[in-house]
Amino acid sequence: MKVTVVGAGAVGASCAEYIAIKNFASEVVLLDIKEGFAEGKAMDLMQTASLNGFDTKITGVTNDYSKTAKSDICVITSGIPRKPGMTREELIGINAGIVKTVSSSLIEHSPNTIIIVVSNPMDTMTYLVHKSTNLPKNRIIGMGGALDSARFKYRLAEALEAPISDVDGMVIGGHSDTGMIPLTRLATRNSVLASAFLSKDRLNQVLEDTKVGGATLTKLLGTSAWYAPGAAVSALVQAIACDQKKMFPCSVLLDGEYGMKDICIGVPVILGRNGIEKIIEIELNDAEKANMKESADGVRAVNDLL
1 MKVTVVGAGA VGASCAEYIA IKNFASEVVL LDIKEGFAEG KAMDLMQTAS LNGFDTKITG
61 VTNDYSKTAK SDICVITSGI PRKPGMTREE LIGINAGIVK TVSSSLIEHS PNTIIIVVSN
121 PMDTMTYLVH KSTNLPKNRI IGMGGALDSA RFKYRLAEAL EAPISDVDGM VIGGHSDTGM
181 IPLTRLATRN SVLASAFLSK DRLNQVLEDT KVGGATLTKL LGTSAWYAPG AAVSALVQAI
241 ACDQKKMFPC SVLLDGEYGM KDICIGVPVI LGRNGIEKII EIELNDAEKA NMKESADGVR
301 AVNDLL
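In this note's numbering, the protein residues as written are 1 to 306.
Below you can see the structure in the form of structure tokens.
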């Protein structure tokens, strides 16, 4: 099992680290455009192998896609953050160009690969990969919902004063502060609804804290987070590589599911060796349906900028 991660920054390096530590891949290729950067990250990570007990080979390369050949799974983390004075359109234009070039270069050398998109705006970048490549839709996956759900479970466990292994919950919708929909109605502690333990106001606070999870970390760190995004990617990669048939909310291309077409947005899916094995349609109440429509409208507005 060979996995390529494009972008050796904090998120990409965390992806490579968590994938290697889980020891299910034979090789992880870390690629970056900055001369020597991926090579240095790979060397540093390989020097932890004897300490962390993994045998996965990590290889760093500078912009040489031939080294990614025959990758089973490719992860795209590359792109730039929004800078002061930069319009949203400019950011999307730059990142769209990067993601389009990266995805075509990966597919040239690994035509049977499965692509996981991390670059932001994530739902729109996932949609772009669909529109600019000939990959089947089951082999293009946006990571966002897996990360948002992990942040939701963190906030639920905090509110419940419970170990996180007791808690389950899911976030659907767009991967943005305004677009994500934490399903508090369905959240549980060991199969008991969280609403049995928490007041409506406290659950609503969990919802709001989840929605600004990324922005909260950016404010504290001065940059985007990387540990949880890296862990979220590694969980998706492992589910595919090991054919685990696990359910994660991911940004996927809908064709009638949830009453939507021609849009990538977060919904629960089963992940296995073929990528997206099945899209799961859960019964939403009227409020959740309205939230989903609003979220989709926001994603489409960003897509229009492409």
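Here a beta-carbon is modelled for each residue, glycine too, at the ideal position from N, C-alpha and C.
Owing to the predicted nature of the structure, the values given are computational and were not obtained by experimental measurement.
Per DSSP, what kind of secondary structure is E283 in: helix, strand or coil?
coil
I19 by DSSP, collapsed to three states: which one?
helix
Got a sec? Which residues, its chain only, sit under 8 Å from T62 by beta carbon, not counting five neighbours each side?
L31, D32, I33, K34, E35, G36, F37, A38 and E39
Once you ignore the five residues that flank S26 on each side, which residues in its own chain have a CB closer than 6 Å to its CB?
M1
Fully enclosed by the stretch 6-62, which alpha helix (DSSP H) runs are 4 residues long or longer?
10-22, 37-46 and 49-52
CB-CB length for V117 against V6, believed under 8 Å:
Wrong, their Cβ atoms sit about 10 Å apart, outside the cutoff.
Taking Cβ to Cβ, would you say K153 is nearer than 7 Å to V171?
no
Looking at the C-beta of A235, does it have a partner C-beta in chain D at a distance below 7 Å?
Judged by its chain identifiers, the structure shown contains no chain D, having just a single protein chain.
Judging by CA-CA distance, which residue of G145, R202, G169 and I164 is the nearest neighbour of M180?
G145
Beta-carbon contacts of A16 that lie in its chain and below 7 Å, excluding the five residues immediately before and after:
V5, V28, L30, L45 and I58
Give me the residue from P163, Q244 and K293 with the minimum Cα distance to G266.
K293
What do you get for M43, buried or exposed, if any count of 16 or more other CB atoms within 10 angstroms of its CB means buried?
exposed
Nearest-angstrom Cα distance between C74 and I114?
6 Å
Decide if the stretch 123-131 is in contact with the stretch 251-268; the criterion is three or more beta carbon pairs, one per stretch, under 8 Å apart.
yes
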